[in-house]
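Enquirer: Mind having a look at this structure? Questions to follow.
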Amino acid sequence: METQMQKLISMGFPDSLASEALKVSGGDILKATDWILSSSCIPYSSPHDDTTTSASGTNLMDPPPTSTSTSTSTSINDDNSRPPPSPPLSAASSNFQPKIDRFFHFRPKTPTAYSSSKSESNTISDPAAITLDHHRHLEGTKRPRLSIPQEDNNKPSSPSPSPLVVDPLPPPPSEPLSERMRPRSLDEVVGQEHLLGPNSALRSAIQHSRLPSVVLWGPPGTGKTSIARAIVNSCSDTYRFVSLSAVNSGVKEVRDAVDEARKWTKTKGGSSTSIAKNTDDDGNIDKSWWKKRRRTVLFIDEVHRFNKAQQDSLLPVIEDGSIVFIGATTESPSFHLITPLLSRCTVLVLNPLKPHHITTLLERAVSDSNKGLFSSLSSSSKIEIEDEAIEFLSAHCDGDARVALNKLEISATIAAEALFRRGVGVGGSDSDVLLISLGHAKEALQCKHIAYDRDGEEHYNLISALHKSMRGSDADASIYWLARMLEGGEQPLYIARRLIRFASEDVGLADPSALTQAVASFQACHFIGMPECNVNLAQCVAYLALAPKSISVYRAIQDAQKVVRDSVGQNEGVPLHLRNAPTKLMKDIGYGKGYIYPPDNPNALSQTYMPPSLLGYKFLHWPNAPGSD
Numbered sequence: 001m002e003t004q005m006q007k008l009i010s011m012g013f014p015d016s017l018a019s020e021a022l023k024v025s026g027g028d029i030l031k032a033t034d035w036i037l038s039s040s041c042i043p044y045s046s047p048h049d050d051t052t053t054s055a056s057g058t059n060l061m062d063p064p065p066t067s068t069s070t071s072t073s074t075s076i077n078d079d080n081s082r083p084p085p086s087p088p089l090s091a092a093s094s095n096f097q098p099k100i101d102r103f104f105h106f107r108p109k110t111p112t113a114y115s116s117s118k119s120e121s122n123t124i125s126d127p128a129a130i131t132l133d134h135h136r137h138l139e140g141t142k143r144p145r146l147s148i149p150q151e152d153n154n155k156p157s158s159p160s161p162s163p164l165v166v167d168p169l170p171p172p173p174s175e176p177l178s179e180r181m182r183p184r185s186l187d188e189v190v191g192q193e194h195l196l197g198p199n200s201a202l203r204s205a206i207q208h209s210r211l212p213s214v215v216l217w218g219p220p221g222t223g224k225t226s227i228a229r230a231i232v233n234s235c236s237d238t239y240r241f242v243s244l245s246a247v248n249s250g251v252k253e254v255r256d257a258v259d260e261a262r263k264w265t266k267t268k269g270g271s272s273t274s275i276a277k278n279t280d281d282d283g284n285i286d287k288s289w290w291k292k293r294r295r296t297v298l299f300i301d302e303v304h305r306f307n308k309a310q311q312d313s314l315l316p317v318i319e320d321g322s323i324v325f326i327g328a329t330t331e332s333p334s335f336h337l338i339t340p341l342l343s344r345c346t347v348l349v350l351n352p353l354k355p356h357h358i359t360t361l362l363e364r365a366v367s368d369s370n371k372g373l374f375s376s377l378s379s380s381s382k383i384e385i386e387d388e389a390i391e392f393l394s395a396h397c398d399g400d401a402r403v404a405l406n407k408l409e410i411s412a413t414i415a416a417e418a419l420f421r422r423g424v425g426v427g428g429s430d431s432d433v434l435l436i437s438l439g440h441a442k443e444a445l446q447c448k449h450i451a452y453d454r455d456g457e458e459h460y461n462l463i464s465a466l467h468k469s470m471r472g473s474d475a476d477a478s479i480y481w482l483a484r485m486l487e488g489g490e491q492p493l494y495i496a497r498r499l500i501r502f503a504s505e506d507v508g509l510a511d512p513s514a515l516t517q518a519v520a521s522f523q524a525c526h527f528i529g530m531p532e533c534n535v536n537l538a539q540c541v542a543y544l545a546l547a548p549k550s551i552s553v554y555r556a557i558q559d560a561q562k563v564v565r566d567s568v569g570q571n572e573g574v575p576l577h578l579r580n581a582p583t584k585l586m587k588d589i590g591y592g593k594g595y596i597y598p599p600d601n602p603n604a605l606s607q608t609y610m611p612p613s614l615l616g617y618k619f620l621h622w623p624n625a626p627g628s629d
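Per UniProt numbering, the sequence shown starts with residue 1, numbered consecutively.
This is the structure we're talking about:
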């Protein structure tokens, strides 16, 4: 008996409770444990409580109620307005509870938060309701509280009280910081003064509510969508805004938007009769009627994703004025938009944002208490950021405001986590000022953001810069543009193929081994891949940039192909002496007749190889004549 007693005490049960349990169970330690767990709840120690109590309010340091202590227990429960404790249960009882129900209980800190009256039980009647502490504190703070309530089968049925919600906090906003900080007016747009300046044509059109159809072309994160929305906000009395994305929209969505737009402008033109009906005696037009006549601005993001047929569907509605069209694209309109659409729109080019523009946006996000970082972090009353952190984010986002703002939000989250790990600002500690440092910004950014799209305009811009730098024999610039492409994620085999082309086009006969170098570079990239093949590409780029240049071969093939394409009528036949004569019949009709075999006749006069009409014509000028390359 003493051994079982010691085991129960080692489990943390009081001596009196362990002794009573062993008496009831006849000395069986398993039954004694089940009896203890069935009779009361596992103790839950609150950091703010001096004693440990069960969910029913019973002090677990006292023995379970028996016939001799019933009156005492009853008086205690009456004083505290709590129901009496459950009667002793055995493992064989019909009300025996599974271990999961016996282990996870705690005394709620504020029972009245979910109890409708004092006579109701403090446990939640819904057994499926599991309540977690809202705060997930980090190291050194309280652990989350878990409650798995159970039903009282002996209690009369009553309406289920509401589940307990511990320390509720408003959920964080679902929109990222870049979306919340989107400019609402034209004056909030930064970096595009050439389009929205005081004397710009677009600003004048907006002020007079005469919006033209435009295509906004610029890199990501420069404000294309923001400008479109700000334009409509400035003319909200006369225009309504409908936004579509070419990624998930098509002709049907465009047609639906146009039909709705025509309903809004069904009184377009404003006949004298309709205007008179909606004008009061003082000559004021009914605003509600006038508002219904608002024209529709149809904004289509990523419009370059529309195919030709989808773009054709926009032509008639732009031309008849049913809508004002605003398209946004990151790709060159010359290549991705059809000419008829471009002729109906004005193309506005947005410039990449400079670091000082990004700095303005970041500082605005930190200081804005409604839409800025304060909306993302509810635990700090003040947010500060180091100047070095702002400079770092501004310089490493490649002119993309969206990237900068989202990385700022991540930096703030990292800083908040570090603050809680140190125990600062929790429970009224040292300070609740959140400081975003340069280290937090670097951790959020991980690596420099590089604007590059392997199928977009920047792809062609960079390969063109690489080609022209090698042609100009600038090895340093060539290696730099190569690095830009590799860091942007370009496939090394694509670059190697372009180097093979360059070796023949721009180096050519001036250094025939350049082609061998380029082909070897392609094979090296194929064999080992990135990142190891970067040095193979750099070696080939440097070789080609420093090699002597000649475009004689390139010009020769270009000239010859032009002659073939521009020839009038059927191309001339091959002269008979140049034709192959593998059979007797071909020899009999003159194939190969008169052909001089040069290896056997080194001193023979040169024979003609050109068609008669091109005798004496030169395609290849080699060695190079002065100024030929």
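All residues carry an ideal CB built from backbone N, CA and C; glycine is no exception.
So what's residue 303 in DSSP terms, helix, strand or just coil?
Expert: Three-state result, residue 303: helix.
Enquirer: Since residue 544 contacts residue 502 with CB under 8 Å, what's their CB separation in whole angstroms?
Expert: That belief holds up - the Cβ atoms of residue 544 and residue 502 are roughly 6 Å apart, short of 8 Å.
Enquirer: Entirely within the segment 515–563 and at least 4 residues each: give me those alpha helix (DSSP H) ranges in chain order.
Expert: You should have 534–546.
Enquirer: Rounded to whole angstroms, what is the Cα-Cα separation between residue 461 and residue 347?
Expert: Going from the Cα of residue 461 to the Cα of residue 347 covers about 20 Å.
Enquirer: Which residues does DSSP pair with residue 328 in a beta bridge?
Expert: For residue 328, which the question treats as bridged, DSSP gives the partners 216, 301.
Enquirer: CB residue 359 to CB residue 391, shorter than 9 Å?
Expert: Cβ atoms of residue 359 and residue 391: closer than 9 Å.
Enquirer: For residue 382, report the span of its beta strand (DSSP E) as first-last.
Expert: Start and end: 382–385.
Enquirer: Considering only DSSP beta bridges, list what residue 241 is partnered with.
Expert: Per DSSP, 297.
Enquirer: Considering Cα atoms alone, identify which of 435, 434, 357 is closest to residue 404.
Expert: Nearest option by C-alpha distance: 357.
Enquirer: Could you tell me whether the Cβ atoms of residue 178 and residue 265 are closer together than 9 Å?
Expert: No, the Cβ-Cβ distance between residue 178 and residue 265 is not below 9 Å.
Enquirer: Between the C-alpha atoms of residue 489 and residue 482, what's the straight-line distance to the nearest angstrom?
Expert: Residue 489 and residue 482: Cα-Cα distance of roughly 11 Å.
Enquirer: Over the uninterrupted alpha helix (DSSP H) stretch that includes residue 413, give me the two end residues.
Expert: Note, residue 413: alpha helix (DSSP H), 401–421.
Enquirer: What's the C-alpha gap between residue 467 and residue 478?
Expert: Approximately 8 Å, taken between the alpha carbons.
Enquirer: What residue range is occupied by the uninterrupted alpha helix (DSSP H) comprising residue 445?
Expert: Element bounds for residue 445: 438–445.
Enquirer: Between 247, 316, 362, which lies nearest to residue 307 when the distance is taken from Cα to Cα?
Expert: Of 247, 316, 362, the residue nearest in Cα terms is 247.
Enquirer: Between residue 519 and the rest of its own chain, which residues show a CB-CB distance below 7 Å, the 5 nearest in sequence each way excluded?
Expert: Answer for residue 519: 500, listed in chain order.
Enquirer: Go through its chain and collect everything with a Cβ distance to residue 442's Cβ below 7 Å, but skip five positions before and after it.
Expert: Answer for residue 442: 392, listed in chain order.
Enquirer: Would you grab the beta carbon distance between residue 552 and residue 594 for me? Rounded to a whole angstrom, and I think it's under 8 Å.
Expert: Actually they are not in contact, since the Cβ atoms of residue 552 and residue 594 sit about 31 Å apart, beyond 8 Å.
Enquirer: Can you tell me whether DSSP reads residue 434 as helix, strand or coil?
Expert: Three-state result, residue 434: strand.
Enquirer: Let me check understanding here. Comparing Cα to Cα, which of 317, 328, 30 lies closest to residue 304?
Expert: Ranking the options by Cα distance to residue 304, first place goes to 328.
Enquirer: Tell whether a beta-carbon distance below 9 Å holds between residue 351 and residue 238.
Expert: In this structure, residue 238 does not lie closer than 9 Å to residue 351 by Cβ.
Enquirer: Leaving aside the five residues before and after residue 272 along the sequence, list all residues of the same chain whose C-beta is less than 7 Å from its C-beta, in chain order.
Expert: Confidence is the limiting factor: at residue 272 the pLDDT is only 44, short of 50, which leaves the residue's position unreliable and the question unanswerable from this model.
Enquirer: What residue range does the beta strand (DSSP E) around residue 347 cover?
Expert: Unbroken beta strand (DSSP E) run through residue 347: 346–349.
Enquirer: Leaving out five residues before and five after residue 294 in sequence, what residues of the same chain have Cβ atoms less than 7 Å from its Cβ?
Expert: Excluding residues within five positions, the ones whose Cβ falls inside 7 Å are 238, 239, 240, 264.
Enquirer: Suppose you measure from the CA of residue 298 to the CA of residue 226; what does that come to, to the nearest Å?
Expert: The straight-line gap from Cα to Cα measures roughly 14 Å.
Enquirer: Using CA coordinates, which residue listed in 487, 6, 413 is at the minimum distance from residue 376?
Expert: Of the candidates 487, 6, 413, the one whose C-alpha sits nearest the C-alpha of residue 376 is 413.
Enquirer: Residue 510 lies in the alpha helix (DSSP H); which residues open and close that run?
Expert: Where residue 510 is concerned, there is no enclosing alpha helix (DSSP H), given that its DSSP letter is neither H nor E.
Enquirer: Report the option in 546, 361, 325 whose CA atom is closest to the CA atom of residue 506.
Expert: Taking only the C-alpha atoms, the option nearest residue 506 is 546.
Enquirer: When you compare each of 613, 600, 353 to residue 564 by their alpha carbons, which one comes out closest?
Expert: It is 613.
Enquirer: If we count Cβ pairs, one from each stretch, closer than 8 Å, do we get three or more for the segment 361–371 versus the segment 175–190?
Expert: Enough Cβ pairs lie closer than 8 Å, so yes.
Enquirer: Rounded to the nearest angstrom, how far is the Cβ of residue 433 from that of residue 384, given a contact under 8 Å?
Expert: Between residue 384 and residue 433 the Cβ distance is about 6 Å, and since that is below 8 Å, they are a contact.
Enquirer: Spell out the partners DSSP gives residue 206 in its beta bridges.
Expert: DSSP lists no partner for residue 206.
Enquirer: Helix, strand or coil: which one does DSSP assign to residue 323?
Expert: Note: residue 323 maps to strand in three-state DSSP.
Enquirer: Of all Cβ atoms in chain B, is any one closer than 9 Å to the Cβ of residue 262?
Expert: Absent from the structure is chain B; it holds one protein chain and no more.
Enquirer: Does residue 529 pass the burial test, meaning 16 or more other C-beta atoms within 10 Å, or should it be called exposed?
Expert: By the 10 Å Cβ count, residue 529 comes out exposed.
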